[in-house]
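Below is one structure, written out as structure tokens; comments come after it.
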Amino acid sequence: MKLHHVIKAQQFTRDLLDQIFSVAEEMEKVTLSGGSDILKGKVMATIFYEPSTRTRLSFESAMRKLGGEVITTESAREFSSAAKGETLEDTIRVVEGYADVIVLRHFESGAAERAANVSQIPIINAGDGPGQHPTQALLDIYTIDKEIGHLDGISIAMVGDLANGRTVRSLSYLLSKYDDVKVYFVAPEVVKMKDDIKDHLREHKVFFAERDDLAEVASQVDVIYQTRIQKERFGDRVQDYEKARGKYIIDKSLLKVMKQNAIIMHPLPRVDEIKPEVDSDPRAAYFRQARNGLYIRMALLKMVLLD
Amino acid sequence: MKLHHVIKAQQFTRDLLDQIFSVAEEMEKVTLSGGSDILKGKVMATIFYEPSTRTRLSFESAMRKLGGEVITTESAREFSSAAKGETLEDTIRVVEGYADVIVLRHFESGAAERAANVSQIPIINAGDGPGQHPTQALLDIYTIDKEIGHLDGISIAMVGDLANGRTVRSLSYLLSKYDDVKVYFVAPEVVKMKDDIKDHLREHKVFFAERDDLAEVASQVDVIYQTRIQKERFGDRVQDYEKARGKYIIDKSLLKVMKQNAIIMHPLPRVDEIKPEVDSDPRAAYFRQARNGLYIRMALLKMVLLD
Amino acid sequence: MKLHHVIKAQQFTRDLLDQIFSVAEEMEKVTLSGGSDILKGKVMATIFYEPSTRTRLSFESAMRKLGGEVITTESAREFSSAAKGETLEDTIRVVEGYADVIVLRHFESGAAERAANVSQIPIINAGDGPGQHPTQALLDIYTIDKEIGHLDGISIAMVGDLANGRTVRSLSYLLSKYDDVKVYFVAPEVVKMKDDIKDHLREHKVFFAERDDLAEVASQVDVIYQTRIQKERFGDRVQDYEKARGKYIIDKSLLKVMKQNAIIMHPLPRVDEIKPEVDSDPRAAYFRQARNGLYIRMALLKMVLLD
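Protein chains in written order, with our numbering: chain H, -3 to 303; chain B, -3 to 303; chain A, -3 to 303.
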């Protein structure tokens, strides 16, 4: 299977996911043994229309650990139509002259698809507005597979801001490709999971349920996927935000009811929805999860540039 | 001939241009065969006092494709006298301690010359305000030579904002070094070519004429060099801008009257002065032109650092 | 002696300083012979919460001259608690997954120490607010040793803004490790050296004196360390600033009274506290001092990553 553009979570088959996981594992070994030179002579352009330092650094580290080079712009606002009126398509056609792969971050849903339509080199979507962030979804599902040992049959609680959280939405799409998955949504009233995802799960015969009591769910699941309540979505409704924010906190007492080999995930950054006292517990997987992002991005770069 | 600083279009003799073109061709082959290591161990500092992502990425890609390293600042405002009062000269004397070549973008005309006066390492001017942008001029004339096959005897229409367009001005300087060149200026009344360039062409016995009818000119020339009407130059005069902007558009109907082996150039970004319907015509050379910028910059870096 | 984190000037013993100086000398030779590959496969992350282009470029050049790779953010404001509420500690734990060493610039005193407390990889403090800037202190004392030939027995005049100048404060700490050092403070009334440093010098039996007459002191010392009067510290008190600023200027007439093998240092940027007419005198050491920053940073990177 040849991977070219990386645009959205839905594009991945189970076979392709297996293949990516296997390359990512190999990439972890490459990293531990001091990097590689397989992408020597290749140039990655990171074109970010909005800043996302974490994602950018992860991609750039990935490229460099494989011996490739990077040209980068932390803020492509001058490329934007707002500045001089150039279309994204024109920008892509210029930058593809300088690079072998483009990692694109954009504020508009669908931007990565538009870029892919005109580009002669691979486009990797590093987040396009409220749309997709497929490499985050891949590192999430890879983390579950790696930590728990399997994806068929896992049970997961998605906690926090399920209405606005791009990550839990994308993860739901990917999980629906596996068998006997159980999903529990645990969200404050104002940020409940939206119907499109529930419909998608129903259609793919994935069990899901909405629950109020995090402690009860925590005792049953393999994975707790905590998310940040995004203050910026609440605008003036400060009280709503404060109420939502304080409702589901992961702390030491929750650790006591969790299964011994369960894990806690979080896309980061966190504010206080996971207390620092949890960090030293071996089940706290969120920093390992961030590191998996490096291996997944190395794997994708290798696959789109070499295979 | 040893090339040291690259400051302005006028510094290049015909022989030196030939030499640059020949190295640029070689650089294209190097790029297609996966890059080179000839600048290994060399460091290029890109010091940009104002952002110009496109130019910066082009230079950085050029350096990296030759195995060199880059240190970069997208916005050197903190270096500027506005911030702490340091002179450009002092900044150059510090940065030359960290690098082997400095690529300088500045908002003041003459800045590159001032930098060259104190620098012990080569300075490449990546645009100094309303002054010069010599690497753009070089890639423009290289594109004509490469696409048309010769420079002596070519005829070119310069279209659009000829009063403010730095590129058509620099290109005029370079064209005046060749024989039997014919230049047609096609510009809205408010942005006509200025007298200094006309005087220069007269002095060098280059034929030029001002024309109103783009279609008529298009049927006669080898090159149509379209430029963007720069909105930012019109300030409040929105109506003037709108009138100037709509006057000379390259579209499908113009393609019909153009010569079969003529080309359309544009320094990019474009807004709507070339319709997207033109892009797929083989005579649309503007994205190839942008790519030539990479080869020209590779050539210049090689020449100032190695030869 | 194994060097791990680089946090503050006080952490260095005399022996460790000797070792750093010796590696820095070696690094100068490496640079002159075209760089090295000893850090190949290593990645340095420069995480700057406030911009400092000069320091950043110096570190990045250092890493690249040793064959290492760099991932960089010129402005980590999006990482800051102001943006989404992430702690510095969490940021470090994510970035350490992407890199082998973190160079941190922060606006809060003590930030580097906090980072070091959670980091599994070396932290190098590139300035934390009004706190420390140890690599500047190291390059300063290295410059004195290299230019004068010894540190025991040297006499130095510290001139200008001694109240706010981080560099003269750190340098005082380092000088107190050597024997028979004489320090003269020459500062306008409003920005005199603070008591904590004077107490430290007394405690370590370092001779110091406050003087008014720069010319008189200049005739006696080995080193004049000039600093910029920092306008930003005076707020509305424009008159106070102007008076302080004009008081101690190094110009040609001062050169005449200086000892023949004395040197003038300055952390840069300068405004007009050293006149440009001084630059061509061989005793003007400030640009050589800036270059020593490269060698010191190469030495530190080698020592924390390899030794």
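Where a beta carbon is used, it is the ideal one built from N, C-alpha and C, also for glycine. None of these values were measured; they are calculated from a predicted model.
(message) Just verifying my parser: in three-state terms, what is the DSSP assignment at Ser77/A?
(response) Confidence at Ser77/A is low in this model, with a pLDDT of 43, below 50, so the placement of that residue should be treated as unreliable; the coordinate-derived value is given next. Three-state DSSP puts Ser77/A in a helix.
(message) With a threshold of 8 Å between beta-carbons, can Ala41/A be considered close to chain H, or not?
(response) yes
(request) Using a Cβ cut-off of 9 Å, pull out every chain B residue sitting near Leu53/A, in sequence order please. (result) Ala41, Ile43, Ile67, Thr68, Thr69, Val90, Val91, Tyr94 and Ala95
(message) Could you give the first and the last residue of the continuous alpha helix (DSSP H) run that contains Thr114/H?
(response) A small correction: the amino acid at residue 114/H is Val; Thr does not occupy that position in the sequence shown. Per DSSP, Val114/H belongs to the alpha helix (DSSP H) from Ala107 to Val114.
(message) For Arg279/B, tell me which candidate among Asp236/B, Asp268/B, Pro265/B and Ile260/B has the shortest Cα-Cα distance.
(response) Ile260/B
(message) Checking 8 Å against the spacing of the C-beta atoms, do Tyr174/H and Ala205/H come in under that value?
(response) no
(message) For chain A, check one thing: does any of its Cβ atoms lie closer than 8 Å to the Cβ of Val300/B?
(response) no
(request) With DSSP as the reference, please indicate the residues paired to Val2/H in a beta bridge. (result) Ile120/H
(message) Out of Asp218/A, Arg52/A, Val155/A and Ala5/A, which one is the CA nearest neighbour of Glu185/A?
(response) Val155/A
(message) So, under 8 Å CB-CB, Gln222/H and His262/H are touching, yes? Tell me the CB distance rounded to an integer number of Å.
(response) 5 Å
(message) Within the continuous beta strand (DSSP E) that includes Gln222/B, where are the two ends?
(response) Val219 to Gln222
(request) Assuming Ile88/H contacts Ala58/H (C-beta within less than 8 Å), just tell me the rounded distance between them. (result) The pair is not a contact, with the Cβ atoms about 21 Å apart (cut-off 8 Å).
(message) I'd like to confirm the pairing. Which residues does DSSP put opposite Arg101/B in its beta bridges?
(response) Phe44/B
(request) Using the DSSP secondary-structure output, state which residues sit across from Met23/H in a beta bridge. (result) Looking at the DSSP assignment, Met23/H forms no beta bridge with any residue, so it has no partner.
(request) Measure the C-alpha to C-alpha separation of Ala183/B and Asp208/B and round it to an integer number of angstroms. (result) 7 Å
(message) I'd like to know whether the C-beta of Leu264/A is nearer than 8 Å to at least one C-beta of chain B.
(response) yes
(message) When you compare the region 111 to 122 of chain A with the region 283 to 302 of chain A, are there three or more beta-carbon pairs, one atom per stretch, that lie closer than 8 Å?
(response) yes
(request) Compute the beta-carbon to beta-carbon distance between Met40/A and Val99/A, rounded to the nearest angstrom, for a pair I have assumed lies under 8 Å. (result) 6 Å
(request) Go ahead and pull the three-state DSSP assignment for Lys178/H. (result) strand
(message) When you measure from the CB of Thr83/H to every non-hydrogen atom of the ligand HEM, does any distance come out below 7 Å?
(response) This structure does not include the ligand HEM; it has no bound ligands of any sort.
(message) Check this for me: beta carbons of Asp176/B and Asp141/B, under 8 Å apart or not?
(response) no
(message) Could you pull the DSSP bridge partners for Val39/H from this structure?
(response) Glu65/H
(request) Evaluate the contact criterion for the region 287 to 296 of chain H versus the region 3 to 20 of chain H: three or more CB pairs, one atom per stretch, below 8 Å. (result) yes
(request) Drop a sphere of 10 angstroms on the beta-carbon of His102/A, count the other beta-carbons inside from all chains shown, and report buried for 16 or more, exposed for fewer. (result) buried
(request) Can you tell me which of the three DSSP states Ile34/A falls into? (result) coil
(message) Quick check: the Cα distance between Asn113/A and Ala107/A, rounded to an integer number of angstroms?
(response) 10 Å
(request) Give me the Cα-Cα distance between Leu250/B and Glu199/B, rounded to the nearest whole angstrom. (result) 33 Å
(message) Which same chain residues end up closer than 7 Å to Ala286/A when comparing Cβ atoms and leaving out the 5 residues on each side of it in sequence?
(response) Leu264
(request) Please confirm if Val182/B has its CB atom under 8 Å from at least one CB of chain H. (result) no
(request) Please list the partners that Gly81/H has in chain B, where partner means a Cβ-to-Cβ separation under 9 Å. (result) Arg224, Lys227, Pro265, Arg266, Val267 and Asp268
(request) Rounded to whole angstroms, what's the CA-CA distance from Lys190/H to Ser168/H? Just pull it up for me. (result) 12 Å
(message) Check for me: the alpha helix (DSSP H) holding Ile225/A runs from which residue to which?
(response) Here Ile225/A belongs to no alpha helix (DSSP H), and DSSP marks it neither H nor E.
(request) Would you verify that the beta carbon of Gly37/A is, or is not, closer than 8 Å to some beta carbon of chain H? (result) yes
(message) Contact criterion: CB-CB distance below 8 Å. Does Asp86/B meet it with respect to chain A?
(response) yes
(message) Counting only beta-carbon separations shorter than 8 Å, does Phe230/A have a partner in chain B?
(response) no
(request) Return helix, strand or coil for Ile152/A, following the three-state DSSP convention. (result) strand
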